[in-house]
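Here my numbering is used: the first residue of the sequence shown is 82, the next is one more, and so on.
Notes follow once the structure below has been shown.
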Amino acid sequence: MTARLARIVTGSIVVASIAFWVWAFSPWAPRDNPDRLDDPAFAEAAEPVCADARERIDALPG
């Protein structure tokens, strides 16, 4: 019974993985970028802060 249960569980995982990738590459999967900013003002305001941080990081030894 244990070997049969292991085969069923393994087979279910394989089928679920295949089904996920078929869905992921299908036209029904969402294609929009969830990390896109609606308002670019934040990125523009953060630029000086990021530039300062980048300069400090570049100044580190190594």
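In this text, a Cβ means the ideal position worked out from N, Cα and C, and glycines have one as well.
C-alpha gap between Pro-121 and Pro-142, whole angstroms: Computed Cα separation, rounded: 34 angstroms.
Pairwise C-alpha distance: Ala-97 and Val-90: So the alpha carbons of these two residues sit roughly 10 angstroms apart.
Pro-111 versus Leu-118 - alpha carbon distance: Those two C-alpha atoms are separated by around 17 angstroms.
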